Amino acid sequence: SPFNGYVTSRLADPGAIASPSQPMLTVQFMKQIWVSISVPDDVCAKLHLGQEAKVSIDALPGKDTTAKIIQINPEADPESRQFTVRMAMDNSSNIYKSGMFTHITLETNRIKNAVVVPREAIQKDMDGQYVMTVDKSNKAVKVPVFASGEDEQFVCIGDALKPGQKVVTMSAMPVREGQMVLSGGGRGRRSGGQRK
72 SPFNGYVTSR LADPGAIASP SQPMLTVQFM KQIWVSISVP DDVCAKLHLG QEAKVSIDAL
132 PGKDTTAKII QINPEADPES RQFTVRMAMD NSSNIYKSGM FTHITLETNR IKNAVVVPRE
192 AIQKDMDGQY VMTVDKSNKA VKVPVFASGE DEQFVCIGDA LKPGQKVVTM SAMPVREGQM
252 VLSGGGRGRR SGGQRK
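With my numbering, the residue at position 64 of the sequence shown is 135, and numbering never jumps.
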């Protein structure tokens, strides 16, 4: 073998007749693991070689690590229209195994002093997206918002709200404008807008 590694499969039995073009063994170099993901074109345009990503593995909770982008396929898959991105992850401790499922977190945008609300606070109707805020008299007020960025937990809504302003995040029944809103065990639960 041209490198040190592990035999991960045997493709011929001892004593069998072999030809020069027939593979006999599969040897894998395990000190560095490749992680491959597929991303849509709008995400692909924001990625670059050498960019770091956070990697978490279901089978190894609490052992999150990082990987670096080493290859971005310039051609999309003709069926899914997704671009394949390959990342290299250090495995000098040999705790990661080939074939494990991973969760990848990539930063594609950064917004300074962003006002954000929990994802569940965003509602939609015929006029677009909005949040229900709570005024000083605990009444619901509908405020149109435009999402300018998001992650797995929060949505950035620009300057539609001020930091600390209360918004309805979950409610057992739809909240109507002008309706009284109670927190905790009442008819709704509210949460403050946050600066992230």
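Heads up, the beta-carbon is just placed ideally off N, CA and C, and yes, glycines get one too. Just so you know, these numbers come straight off a predicted model, no measurement behind them.
Query: Give the C-beta separation of N162 and K102 to the nearest angstrom, bearing in mind that I take them to be a contact with Cβ-Cβ under 8 Å.; Result: 6 Å
Query: Per DSSP, what kind of secondary structure is L253 in: helix, strand or coil?; Result: coil
Query: Under a Cβ-count criterion, where at least 16 other Cβ atoms within 10 Å of its own Cβ denotes burial, should A130 be classed as buried or exposed?; Result: exposed
Query: Taking all protein chains shown into account, decide if V188 is buried (16 or more other Cβ within 10 angstroms of its Cβ) or exposed.; Result: buried
Query: What are the residues that DSSP puts in a beta bridge with V246?; Result: Bridge partners of V246: none, in fact.
Query: If we count Cβ pairs, one from each stretch, closer than 8 Å, do we get three or more for the stretch 142-152 versus the stretch 105-122?; Result: yes
Query: Within the continuous alpha helix (DSSP H) that includes V114, where are the two ends?; Result: D112 to C115
Query: Within 10 angstroms of the Cβ of V78, are there 16 or more other Cβ atoms? Answer buried if so, exposed if not.; Result: exposed
Query: The beta strand (DSSP E) with Y201 in it runs from where to where?; Result: G199 to V205
Query: Exposed or buried, what is G231 when buried is set at 16 or more other beta-carbons lying within 10 Å of its beta-carbon?; Result: Sequence check: residue 231 is Ala here, not Gly. Flag for A231 reads buried.
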